[in-house]
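Number of protein chains: 4
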Amino acid sequence: MALKKAGVLGATGSVGQRFILLLADHPDFELYALGASPRSAGKKYVDAVKWKQTSLLPESAKDLVVEECKFQGKLAECDVIFSGLDSDVAGEVEKEFCDNGLAVVSNAKNYRRSPDVPLIVPIVNTDHLSIVEKKVADAKKNGEKKGFIVCISNCSTAGLVAPLKPLVDAFGPIDLLTATTLQAISGAGFSPGVSGIDVLDNIVPFISGEEEKIEWETKKILGQVNDDNTGFKLLSDDEIRVSAQCNRIAVSDGHTECISLKFKNEKKPSVEEVKQVLRDYQCEAFKLGCHSAPKNTIHVLEEEDRPQPRLDRDRDNGYGVSVGRIREDPVLDFKMVVLSHNTVIGAAGAGILIAEILKAKNVI
Amino acid sequence: MALKKAGVLGATGSVGQRFILLLADHPDFELYALGASPRSAGKKYVDAVKWKQTSLLPESAKDLVVEECKFQGKLAECDVIFSGLDSDVAGEVEKEFCDNGLAVVSNAKNYRRSPDVPLIVPIVNTDHLSIVEKKVADAKKNGEKKGFIVCISNCSTAGLVAPLKPLVDAFGPIDLLTATTLQAISGAGFSPGVSGIDVLDNIVPFISGEEEKIEWETKKILGQVNDDNTGFKLLSDDEIRVSAQCNRIAVSDGHTECISLKFKNEKKPSVEEVKQVLRDYQCEAFKLGCHSAPKNTIHVLEEEDRPQPRLDRDRDNGYGVSVGRIREDPVLDFKMVVLSHNTVIGAAGAGILIAEILKAKNVI
Amino acid sequence: MALKKAGVLGATGSVGQRFILLLADHPDFELYALGASPRSAGKKYVDAVKWKQTSLLPESAKDLVVEECKFQGKLAECDVIFSGLDSDVAGEVEKEFCDNGLAVVSNAKNYRRSPDVPLIVPIVNTDHLSIVEKKVADAKKNGEKKGFIVCISNCSTAGLVAPLKPLVDAFGPIDLLTATTLQAISGAGFSPGVSGIDVLDNIVPFISGEEEKIEWETKKILGQVNDDNTGFKLLSDDEIRVSAQCNRIAVSDGHTECISLKFKNEKKPSVEEVKQVLRDYQCEAFKLGCHSAPKNTIHVLEEEDRPQPRLDRDRDNGYGVSVGRIREDPVLDFKMVVLSHNTVIGAAGAGILIAEILKAKNVI
Amino acid sequence: MALKKAGVLGATGSVGQRFILLLADHPDFELYALGASPRSAGKKYVDAVKWKQTSLLPESAKDLVVEECKFQGKLAECDVIFSGLDSDVAGEVEKEFCDNGLAVVSNAKNYRRSPDVPLIVPIVNTDHLSIVEKKVADAKKNGEKKGFIVCISNCSTAGLVAPLKPLVDAFGPIDLLTATTLQAISGAGFSPGVSGIDVLDNIVPFISGEEEKIEWETKKILGQVNDDNTGFKLLSDDEIRVSAQCNRIAVSDGHTECISLKFKNEKKPSVEEVKQVLRDYQCEAFKLGCHSAPKNTIHVLEEEDRPQPRLDRDRDNGYGVSVGRIREDPVLDFKMVVLSHNTVIGAAGAGILIAEILKAKNVI
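Protein chains in written order, with the numbering used here: chain A, 3 to 366; chain B, 3 to 366; chain C, 3 to 366; chain D, 3 to 366.
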């Protein structure tokens, strides 16, 4: 089957570099075009980038000539655009590609709250993509090509909602939810990213805007598509109350979240039932046979001192989420520790899997 | 005024070393005797210890000859015994000194749950010492000298209860309390202590027994002396529910705790009222003029990204507790971040201040 | 071709765990038997081990029953024994297996200095294996099976000699050699290994015995097999002088070494010639087609700030060595930075590749 | 005695903040004026600065109004100017103050190589200040006030030359000198300073310009004032060859340097003689009674695993240098490990001590 042409915006940044790594040798996509700032445009990628990944710069990317982030040139020929742009420029650029009929999968926060833009954790709420399926299908009937934007969720939201989804499906809605996060520094990029002196023998108990993102995005992701398949019904503050406390710590990759939750139902499940539901959960992406989908969506750990980021973040290539220390909570119903790979399921990796799903659903 | 003779048990360990540092040049105490394992007994301290403090080994300690941890020799002549013993030996040894009429201030966990042993955070519940005051006074009337044990609280409990005490005094009892801790490694000692590979680019989301200690000790410390001044009325599970999640992270000193609480009273105070009560709080030790008592018991920080362990742990030489990010909580009433110095107010330092208070109250 | 039966001694330790990871699904070897302390013997491996690797415990190892480290049971049926034993027990145990005709590849230091035991860095001095080839062949002529021991070098020696070998081959002997190492903590194992408090915001400028190992082992590895193929001619102190300064730092995997060297020849090569020789070097293991042999033995990096352990340690799965900052030295001839993966080419990984080479040479 | 009025340029930066900390409550100086960028000018210091020190912002600094870095206002009234400016602006600004008759003590690199500017490590080459003494005295004879600049050395140079000075005085010139540094991140400031991802589980084996600074500055500092007391005779490449290899590692404060040296004299001293000379060394600043001068300039450590940055960097408030592991070197004569506090003796602290010396010598 012909490979889909993929373009990467913000190609020299940390998210862009990871998109490129994941697209090299991908069975569905061809790394076709790269966009970056005017400073980089016109250069070969190998000359434009300060490559800072643990894997070598893929040969297939080295000689690609970087373009400006505009709907022109090879970028305009792509089937799907992956955007790793900073939020200060993402809004306008992504809109331009969308308006010109392209599928845009974005890591930026700009359109996450837009009423008709799906906010997707690809192991959780792939049903929300029905909105773009409909939009594209309707246009196709008219012989048109309709662009759209799909947003990747915030990294710490992704890990949080992964175990919640099967729990809600099995035991009904969640009433109260608290999450204290211990977040890795890779999520902050590297120009400059988190300063070394801030995380050496230290914690920063604050990440700008992060707590609000967790509290808000959870309500969209756990919400539903509305009846006419054109937008979303978010959970209201009455339906779920969410409280987050976010910390930046000296971990390279992998967000750890100490969470606690209370179900709405009086009759709460047993600890063993909670574990079993998590163990049994298979995400739709896996059922669709997507290349990057995790075989085990949730890894339930029984060791008393797990999950640990260094040891557990790479389960299923970072697409699997680890949950440990599941136990009763004297204040709410259950508490547990959730670990997810912030640059995989929480950023670039999620974007790739979303595109795989879109392809499996014939949307791109 | 004559200095009180002080002995240190477990003198070569990490807690013992800190007792020694704090006792050197202390205005109330003379470092008089040292106890350690039979392997060290008979040696000069300088030859027995692998000194691992950032301050140099005090001259006054170097030539002290280490004794076995028994009620004999110079240890038997002490006015107060500071115990940094491990729990596997502390039980018997501390009892021997107590039974022989000595005042024992212990960092071990063995007697924390004993009905007539005060469990003290010296900036919080010094009123609990009335039990030993009475015991000693009653004996004195009969011309006797009565020994006793006072326990230092667990390190993470100390930081947690510091802001709770003035809040309870001002706004009434707390109904629900959650604490997710990010704990320093110094608390685990250094033979071997926390393994480097466990905290490098990693978190261990588990500390053996720690969550139980926080949940139980809080109920004793926030409880009251009973009517006849011989024991304690702990808060019951109905009076307060406490839930802790403990993590070990790559910080040398200083426990950070993300806490959340709900008052029993329907009418909850404003954020500003909470801050004001914390700012105004003066611990009894300060009012008594104790040498080590913090001038500001609680430092209320207004910067959005504080407290941070590296920057804030040494306030008032580690005896002051920092509280920041005080804000309303969508799930409980308020959330905030508490930072305390685990080896000062949470261990050896607390022991010294407790002894200063006992001296100020003429108990030793 | 039939798989060779492999046994692992010290199977629950850090080196043993890595042997097991590397042997699972190996094309040459079958993980056949496991030896550990009497405490573990009789248990299934999954129950005996505290698994602390980033990859999951291989299914093929889980149900293997651990045996004592003696020449009996399944261990006695092995074609090759990989020893990750501590040096306090390795001497006797390895000798027993060797005396009973087995091939032993050992990570312990006990036999490294034995006159007839090859000390091997498998990307460097595979010609030294001729001694065991001869020993085994001679015995075979007599219808006997002769055991032998091959020692893996010290981890920091491995990285150091990797670039030296091709340089000596091209430009003649080295007169003076200095190496200041910045060593990872994984090399120290994890019971207890390096204490966290020793490497958090800290360096320990000392590793017991390490400098002596580097200074001595280099002379054996860069030396030659003697004329009758029964032992080794070490370089003498007149032939090469080596000086090492070793530091333990907060890196998980990957030893960085700042080295400087002076050739004996007056006419020294250019920097570019040095680089070219390193780039061109192909180890014998690669030419033999060994499964784990690095495609590029030496990666010459041109970026001014490389190699870096986190980014470069995994080249060729850790079997490739990275060399950067090659430049003239005002004091000796050249200085450069060498990075090698201490648990791969410097420990368990080296053992596996040595065994692959032995198999390729029909010694096992 | 009247306090000298002190001004700080670059007052909001990391070096400036440390100048301010050290000047608060200083017995010789009054913190009188603050200069920073136009963005900060006109604001109270407490409002202009993002304070990131472990000590609280001194009360005496809070309400000082920040000025632009020009010879005007209160800055023009100072007796001494401490410059923590970045090198891109330091050149012009410092010259303006100097040309207007002020004493400038600068941490910037701009004038370090100027022929008549002393480059001072205040525990090493205070005799080099004779040049400004003469300049000022000559002007005074003419009733004039002559400005001058004194440069603080590079941080890693400071630690290196500290033990060299007494060794050269005792045993004659050094022929060869190598230094491999493991440098703390505080030296790089904090906007942005060293990125966290660069030092977490990592080393960066390169610091821009650092090796050249060490190799060049050592020759000026160990050189001499010329005969007419107007400039310096640097050591030539024939007199000493210096080679440095610099690494950035995960330490907050304290540069560790593994050094090796060879004396010119054939007859080299014993290890014990080297130690004794270092132990006996007293810097001139101490003899002059300067407030910040270290009581022990060099701390010679006998423990095999010291100095360590976390444990030893604060000797004599960071003005004392620790030297350990002094031993013979198979390649040069001696090797040893030197630890110095980079922000004290290697930056702001050195500036304060230099000013104290200038005052003691009646130059300011």
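For glycine and all other residues, C-beta sits at the position ideal for the given N, C-alpha and C. Only a predicted model underlies this, so the values are computations on that prediction, with no experimental measurement involved.
Check                                                                                                                                   : Outcome
Secondary structure of Ala8(D), DSSP reduced to three states                                                                            : strand
Alpha carbon of Ser197(A) to alpha carbon of Lys111(A), nearest angstrom                                                                : 22 angstroms
Residues, ordered as in the chain, of the stretch 172 to 198 of chain D that lie near chain A by beta-carbon distance below 7 angstroms : Ile187, Ser188, Phe192, Pro194, Gly195, Val196, Ser197 and Gly198
Buried or exposed (CB count within 10 angstroms, at least 16 for buried), Thr232(C)                                                     : exposed
Length at least 3, wholly inside the stretch 201 to 250 of chain B: the beta strand (DSSP E) runs in chain order                        : 243 to 250
Ala35(B) beta carbon less than 9 angstroms from that of Thr14(B)                                                                        : no
CB of Pro311(A) within 9 angstroms of CB of Asn249(A), strictly                                                                         : no
Three-state secondary structure assigned by DSSP to Val276(D)                                                                           : helix
Short CB-CB distance (under 9 angstroms) between Thr56(B) and chain D                                                                   : yes
Interface residues of chain D facing Gln226(C) [CB-CB closer than 7 angstroms]                                                          : Per Cβ cutoff of 7 angstroms: no residues; Gln226(C) is ~21 angstroms from chain D at best.
Within 9 angstroms, strictly: CB atoms of Arg20(B) and Gly351(B)                                                                        : yes
Reference Gln55(D); option with closest CA among Ile347(B), Pro309(B), Asn109(B) and Thr345(B)                                          : Pro309(B)
Supposed contact pair Gly189(B) and Asn267(B) - C-beta distance, whole angstroms, cut 8 angstroms                                       : That pair is no contact at about 34 angstroms.
Straight-line Cα distance separating Arg281(C) from Gly161(C)                                                                           : 16 angstroms
The stretch 259 to 266 of chain B contacting the stretch 170 to 184 of chain B, beta-carbon criterion three pairs below 8 angstroms     : yes
Val253(D) at chain C interface by Cβ criterion, 9 angstroms                                                                             : yes
Where Arg327(A) meets chain C, residues with beta-carbon distance less than 7 angstroms                                                 : Here the premise fails: no neighbours, minimum Cβ distance about 17 angstroms.
Start-to-end residues for the alpha helix (DSSP H) that takes in Gly161(B)                                                              : Cys157 to Phe173
Same chain, Cβ closer than 7 angstroms to Pro124(D), neighbours up to 5 away in sequence not counted                                    : Ala287, Ala352, Leu355, Ile356 and Ile359
Val201(A): contacting residues in chain D (beta-carbon distance under 8 angstroms)                                                      : Gly198 and Leu202
Among Val48(A), Leu58(A) and Phe73(A), the one whose alpha carbon lies nearest that of Leu66(A)                                         : Val48(A)
Minimum C-alpha distance to Phe84(C) - residue among Arg329(C), Lys97(C), Asn109(C) and Phe73(C)                                        : Asn109(C)
Contact belief for Val323(D) with Thr345(D) at Cβ below 8 angstroms, rounded distance in angstroms                                      : With 8 angstroms as the limit, Val323(D) and Thr345(D) do not qualify as a contact, their Cβ atoms being about 14 angstroms apart.
Ile187(C) and Lys221(C) closer than 9 angstroms at C-beta                                                                               : no
Residue span of the beta strand (DSSP E) that contains Val340(C), given as start and end                                                : Phe336 to Ser342
Interface residues of chain C facing Asp316(A) [CB-CB closer than 9 angstroms]                                                          : Thr56 and Ser57
Within chain C, the residues that Arg41(A) reaches when beta carbons sit closer than 9 angstroms                                        : Here the premise fails: no neighbours, minimum Cβ distance about 19 angstroms.
Val134(B) in three-state terms, based on DSSP                                                                                           : helix
Assigned exposure category for Asn364(B) - 16 Cβ within 10 Å defines buried                                                             : exposed
Minimum Cβ-Cβ distance from Leu341(A) to chain C less than 9 angstroms                                                                  : no
Cutoff 9 angstroms: Leu313(C) Cβ touching any chain A Cβ                                                                                : yes
Three CB pairs or more closer than 8 angstroms across the stretch 145 to 155 of chain D and the stretch 82 to 100 of chain D            : yes
DSSP three-state assignment for Thr258(C), whether helix, strand or coil                                                                : strand
Simplified DSSP assignment, three categories, for Glu98(C)                                                                              : helix
Where Asp177(A) sits in the DSSP three-state scheme                                                                                     : strand
Straight-line gap, Glu61(D) to Gln74(D) (C-alpha atoms, nearest Å)                                                                      : 24 angstroms
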